[in-house]
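Residue numbers (numbering that gives the first Met the number 0), protein chains in the order written: chain B, 0 to 262; chain E, 0 to 848. A quick write-up on the structure given underneath.
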Amino acid sequence: MSTNSSSAPMPTRHGNAAARAIDLRKVYGSGDTQVTALDGVTVEFRPGEFTAIMGPSGSGKSTLMHCLAALDDATSGQVFVGEADLTSLGDKELTRIRRDRIGFVFQAFNLVPTLTAMENITLPMDIAGRKPNKEWLDTVINTVGLSDRLDHKPSQLSGGQQQRVACARALASRPDIVFADEPTGNLDSVSGAEVLGFLRRSVQEFGQTVVMVTHDPNAAGYADRVLFLGDGHIVDEMNEPTSERVLDRMKSFDGAAHAGQVT
Amino acid sequence: MLRATFKSLLAHKLRMAMSAFAIVLGVAFVSGTFVFTDTLNSSFTDLFRQTAPDVTVRPEKAEAAAAGGFTGSDTRVVPADLVDTLAALPGVARADGDVSDQSTFIIGKDGKVVGGNGAPGVAANYNDAPAADGSPIVTITAGVAPTGPGELLLDEKSAATAGYAIGDTVRLVTSGAQPSVTGTMVGTVRFGESGNLVGATLTIMDTATAQQLYLGGADAFNDIAVTGDGSLSNQQLRDAVTAALPAGFEALDDQQIATENENQLQQGLSFITTFLLVFAAVALIVGSFLILNTFSIIVAQRSRELALFRALGASRRQVTRSVLFEALVVGLVGSTVGLLLGFALALGLKALFGAIGLDLSAAGLVFQWRTVAVAYAVGVLITLVAAYLPARHAAKVPPVAAMRDDVAIPESSMHRRLVGGTALTVLGAGLMVWALAFGGGLPPLGGGVFAVFIGVALLSPVIGRPIVTAIAWPYSRLFGTVGVLARENARRNPRRTAATASALMIGLALVTTMAVLGQSTKSSVDELVSTDLKADYVVSNAVQSPFSATIAAQIAEVPGVTAAVPERFGSAKVNGQQTLVAGFDGDQFGRVVAINVKSGDLQTGDDGILVTDTRAATDGWRVGDTVTVDLPAGPAVLRVAGIIATSNFVGADIVLPLAALEAGGVAAMDSLVYVDRAPGADPAAVSAAIGTVLADLPTVTLKDQKAFADSQRAPVDQLLAIIYALLGLAVIIAVLGIVNTLALSVIERTREVGLLRAVGMSRRQLRSMVRLESVAIAVLGAVLGVLLGLVFGISLQRALSGQGFAVLSVPVLQLVVFVVLSGLIGVLAAVFPARRAARMDVLRAITTD
């Protein structure tokens, strides 16, 4: 294989990216019902950066995250987590990458109801058969403020507490990158702010890489950078966002969408 | 609403099919039993129809004999001159004297007995008298009629099986005075129209020879077949014949004979019918657990949809009805398939019985509408009953649940279950204790067992949790997080886990009960042989029919034999009660078998009887009392000479001296001969010498103590094997139950499975998680079942200790094997659900609603 093959560009310039996608396409269905969710997305996530992905429903933001997080496979293009090319890996390797290098926070919390909060937090490491780093675990637990709730089952915790457990789970194994899918979608504003503050701190204090999909401009305001997706393309990017600026940008999106419809 | 129901059925095809399978098996058993017994019935009715003449004349039977079941045959006869008297009556076309015997077996060219295994070896004199329907009873198909001693006809099938052709010398074994007979085969006969003897063999000889062999040479007959000339109905003919008969004889028309035979047949078949129907019941009960569980889970999963129906205005009753309608469809489909499978089962049974000597190949399967009606009634009813609770539950879903994210059907509290289950268990246990401690007998014990069964089944969600915890205790150590998750999954829904395990519990409780009883029987046999059997050898008949009394006399002559004591069995009416009686001479018998004499002694003379203490107690007899025993020839007044303890070697509650039995008209045929060897005699030489006596009699075998014990144990093992095989079906249903529950649980936990995969659980780990949960459920069922089975088996053994279960023996190793096997069953049951879980698309699992 030639080193300068155009289909597999060398990752020299992007060598230190936590994750990236190159000309990523994702097509669902076939024939008349074919839907293109991602249409040639090239994007890069730098280590220690908090990125928010925004866009209207159907823009492809969730699909992008699923592909980056080794949950879904791409139709074409490439996805890298660190140096690993996900598109060339089988289920076993993908499972290992999810386990060892990726953390997840879901909108619906997705805790295992039969396990205690503590057991849920250490679950990925337990599955891997690894001992958690005690010091780091304590740090994480103290940061999310759950020390007195560790023996509770999820059903005994509030939504906000459950989501903080989920965050702690995502961070406990020190993954290369944490993906959060609408982490505040099921929470009230106070709990949501706690969770976002926690994600922010993990980036600032521990240098964690976080990618968050959201359509809440307030949530996006916690990020270092916002990517705007529309119709499967990255249409804009904003550094050091504030919720007001994001909101304005989103409004112009809506305006454009409406304008598009009018013409 | 109806459309929604159908949609739901279609959406759950597979799980419906699995729960329907339980119904299929149960119904198959029920319908198979009916079809098979109907077939047996019609074969025998056919057989009887082809043998009964217009009117049969025979010695008047004592009530005892008419009830059937005389082990020895009736020795009284009809004099020959009565034949001519009857033939001369107006309306009579002909009268033919019949001599017949039921234990004349043909020895094949290979030296083996043809047929046997319970089917009789019939011998009869030759005549061409027709049956009541006008068809000949036997037709010569080759060769000529036998004339003079040494000429025989065999039925075509037996001749072919034995390998004899016309002109060959045929060997026979009879129970008459001459045990071994040879003759030349001069032809073959066909019995009736079809030649269907249902496994029996038929030997025909001329009248004089038959009289010589079976009636001691007297010019007499066992009965007379009277054929009318057509001018009178059979009933009128019977009345005319009766008027002409001397006292002591009776005439029966073909209908009466048919009824008599039918009654005997029903008694004979009731065992098979009961046996099979019990297993059908087990299959259906186990199946109802499976259905209950499946519908409960489906209702739980559809609760949001059901809530939507309610929100849209469906009444509670409509919701209940829609679930019941699903059950109805499942029941109908299951019953139909079960019915078809039942036919296959009946075919299999037919082949099985053919293999052990009951040849039904000439008979087609008998299909009655009653079978269809029962099959559907049972199948549909059980399904509806089992689905009723989940259906009621479905109606309780509040309409507002349609708007909520996480829907949970309000669970009725465990409290009522706990109270009800405890009450039933305590009540049942009390009943069992009472029955055992105060001799309440089997019915209260059975009632207690049943109550405990239901009680424990009700309690199982409560007691199951700690047991699952104990079973899964090594999980976390051995399998880490995967083990913990599996354990918690097995614990999270105690009702579901318990209901699933209950199916296996029932199966294993029955298996364990049988194993304990079987092992106890075998140990009791060993114990009995070593303590009570003083004789060195036992001579018995392999085909379970009595043999000639000459054999005992010949063995007694063998050098080195000090005693050859025969034992016989018969049936008599004593104090108005039909009773099995044994026949032996007490003082002789006491030398070969240890008998515990409670009072009186074994010196009975010819007019004394021995009775067991239990029978003496119920009838209030003391030594010296006189007792009237109704024998075929009439009542005999005998005195009670001794009261003895119940013994399995005696085998009956009343013992008559041989002379009294013979005087009463019971044929001199032995069932067993106990042989004592002189001290110092060479065992090998003695058994070889006895062997020569028995050389011509392949059905009669000599066994030493060890071989005798083995032969007594063998039927226990055979019976256990059959019972295990049948209960295996219940276990299959239980396995399906586990498969179903796990598959449904996996679907229910889609999101959780997705999460586990997302955070890095491999497919292999996921599979072993499901597998471990399955093992925990299966072992829970096994442990509960084995424990219950132990309690039941031990209490039954206690209750039956006087009836061949004297020694309690628990097959510990076997029970351990059962539990281990159940674990394996759990692994097996998890294959499909585990694969399903592992194949689940991670993304869909996470994004599912």
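Using N, Cα and C, we set each Cβ at its ideal position, and we do this for glycine too.
Identify every residue that forms a DSSP beta bridge with residue i.
| i | result |
| --- | --- |
| S269 (chain E) | Bridge partners of S269 (chain E): none, in fact. |
| I466 (chain E) | Per DSSP, none; premise fails for I466 (chain E). |
| E43 (chain B) | B:R19 |
| Q576 (chain E) | E:V573 |
| S102 (chain E) | E:G120 |
| P58 (chain E) | E:F248 |
| M204 (chain E) | E:N124 |
| Y27 (chain B) | B:V34 |
| I776 (chain E) | In the DSSP output, where bridge partners are listed per residue, I776 (chain E) has none listed. |
| D222 (chain E) | E:D97 |
| D629 (chain E) | E:K572, E:P634 |
| S539 (chain E) | E:L671, E:T700 |
| E566 (chain E) | E:L671 |
| I52 (chain B) | B:V212, B:L226 |
Considering only residues of the same chain and omitting the five flanking positions on each side of residue i, which have a CB-CB separation below 8 Å?
| i | result |
| --- | --- |
| D109 (chain E) | G162 |
| D150 (chain B) | T115, A116, M117 |
| L323 (chain E) | L383, A386, Y387, A390 |
| V373 (chain E) | V29, S30, F33 |
Taking 7 Å as the limit between beta carbons, can you name the residues of its chain near residue i, skipping five residues before and five after?
| i | result |
| --- | --- |
| A720 (chain E) | none |
| V818 (chain E) | V778, A781, V782, V785 |
| A65 (chain E) | With a pLDDT of only 41 at A65 (chain E), under 50, the local geometry of the prediction cannot be trusted, and the value read off the model is given with reservation. Correct list: empty, nothing qualifies. |
| L70 (chain B) | none |
Kindly indicate which three-state DSSP category residue i falls into: helix, strand or coil?
| i | result |
| --- | --- |
| L108 (chain E) | At residue 108 (chain E) the sequence reads Lys, which differs from the Leu that was named. Coil, per DSSP. |
| L153 (chain E) | strand |
| D95 (chain E) | strand |
| T70 (chain E) | Per-residue confidence for T70 (chain E) stands at a pLDDT of 43, beneath the threshold of 50, marking its modelled position as unreliable; no derived number is given. |
| N739 (chain E) | helix |
| P153 (chain B) | helix |
| Y850 (chain E) | There is no way to answer for residue 850 (chain E), as the model of chain E reaches only from 0 to 848. |
| I721 (chain E) | helix |
| V432 (chain E) | helix |
| Q49 (chain E) | coil |
| G599 (chain E) | strand |
| I165 (chain E) | coil |
| E192 (chain E) | coil |
| D618 (chain E) | helix |
| F546 (chain E) | strand |
| V897 (chain E) | Residue coverage of chain E in this structure runs from 0 to 848, which leaves residue 897 (chain E) outside it and unanswerable. |
Below 7 Å between beta carbons: does that hold for residue i and residue j?
| i | j | result |
| --- | --- | --- |
| P263 (chain B) | R100 (chain B) | Chain B is shown only over 0 to 262; residue 263 (chain B) falls outside these bounds and no answer can be derived. |
| D531 (chain E) | F707 (chain E) | no |
| T200 (chain E) | V113 (chain E) | yes |
| K25 (chain B) | T62 (chain B) | yes |
| T187 (chain E) | A144 (chain E) | no |
| P545 (chain E) | S174 (chain E) | yes |
| V573 (chain E) | V628 (chain E) | yes |
| L37 (chain B) | G54 (chain B) | no |
| F288 (chain E) | S501 (chain E) | yes |
| L46 (chain E) | V197 (chain E) | yes |
| T36 (chain E) | T272 (chain E) | yes |
Apart from the five residues on each side of it in sequence, which residues of its chain come closer than 6 Å, Cβ to Cβ, to residue i?
| i | result |
| --- | --- |
| G206 (chain B) | G47 |
| A27 (chain E) | G337, L340, G341, L344 |
| Y221 (chain B) | L195, R199 |
| A688 (chain E) | V557 |
| T603 (chain E) | G585, A640, P656 |
| A828 (chain E) | V734, I737, V738, S773 |
| I824 (chain E) | V734, A777 |
Subject >> Contiguous beta strand (DSSP E) assignments of at least 3 residues, all confined to the stretch 80 to 140 of chain B >> reply: The stretch 80 to 140 of chain B contains, as complete beta strand (DSSP E) runs of 3+ residues, the segments 101 to 104 (chain order).
Original post:
What residue ranges within the stretch 258 to 320 of chain E form continuous alpha helix (DSSP H) runs of no fewer than 4 residues, ordered along the chain?
Top reply: Entirely contained in the stretch 258 to 320 of chain E, the alpha helix (DSSP H) runs reaching 4 residues are, in chain order, 302 to 310.
Subject >> 4 or more residues per run - each alpha helix (DSSP H) lying fully within the stretch 202 to 250 of chain B >> reply: The alpha helix (DSSP H) runs lying completely inside the stretch 202 to 250 of chain B and spanning 4 residues or more are 216 to 219, given in chain order.
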